[in-house]
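In my numbering, the protein residues as written are 77 to 275.
We put the beta carbon where it would ideally sit given N, CA and C, even for glycine.
Given the structure is predicted, the values throughout are model-derived calculations rather than measurements.
This report refers to the structure that appears directly beneath it.
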């Protein structure tokens, strides 16, 4: 395990209820024979995220997810219906006392992002003040790496479906963009039409 892998914890946001998918929890949609949440855990581990916190909401409400999440810290977000902001806050809160110096945040509904993009973002970690984001043709996307020095500020502004967006915009001068457009596709699984991306 490299020094970066020891100091950075992966945080997978997998709480969404799939409102535009008829209320099907995104974490449980199947891709390449596995639930999306298991697929995402697999590529985060392949990239070197040895410590993983998985934030569950809608899927947890439906019962324990039928996915192999062994070795992950499962974080239940009872406020998942409030949007991504609540899940990000729950994920960051779950890292308190773990010694993690940064969180690498990934979204369960972006299966086109794999270990290569995560590895690039992880490699840009320096210390608790790090703010790093994958970029696709220069446009900020996921995953994002949030140094611990920023967690309180991010939690204070993460509301609705915005996550860390407002905070990152305010601190864009400190944000390091890592181009990943050549190794990943940042599409979301949001609507029925998007299900065509799943195999």
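Cross-strand partners of residue 111 (DSSP beta bridge): Residue 111 is bridged by DSSP to 106.
CB contact flag (residue 221, residue 207, <9 Å): Yes, these two residues count as a Cβ contact at 9 Å.
Residue 147 versus residue 125: straight-line alpha-carbon distance, rounded: Cα to Cα, residue 147 sits roughly 12 Å from residue 125.
Assigned secondary structure, residue 226 (DSSP; H/G/I helix, E/B strand, else coil): DSSP places residue 226 in the helix class (H, G or I) of the three-state scheme.
Spatially closest choice to residue 210 from 258, 133 and 274, by CA coordinates: Checked all of 258, 133 and 274; the closest Cα to residue 210 is 258.
Sheet register partners of residue 243 (DSSP bridge): DSSP lists no partner for residue 243.
Separation of residue 273 from residue 202, as counted between CA atoms: About 34 Å.
Contact set for residue 198: own chain, Cβ-Cβ below 8 Å, skip 5 residues either direction: Taken in chain order, the residues that qualify are 80, 81, 84, 123, 124, 125, 180 and 221.
Cutoff 7 Å; reference residue 120; Cβ partners in own chain excluding five residues on either side: 86, 88, 128, 182 and 194.
Beta bridge counterpart(s) of residue 212 as assigned by DSSP: Answer is 215, bridged to residue 212.
Range of the contiguous alpha helix (DSSP H) that encloses residue 206: Looking at the DSSP string, residue 206 is not in any alpha helix (DSSP H), and its letter there is neither H nor E.
Residue 255 burial status per 10 Å Cβ neighbour count (16 or more: buried): The residue is exposed, with fewer than 16 neighbouring Cβ atoms inside 10 Å.
Of the listed residues 118, 164 and 101, nearest to residue 108 (C-alpha basis): Per the C-alpha coordinates, the member of 118, 164 and 101 positioned closest to residue 108 is 118.
Start and end residues, beta strand (DSSP E) containing residue 132: Per DSSP, residue 132 belongs to the beta strand (DSSP E) from 128–132.
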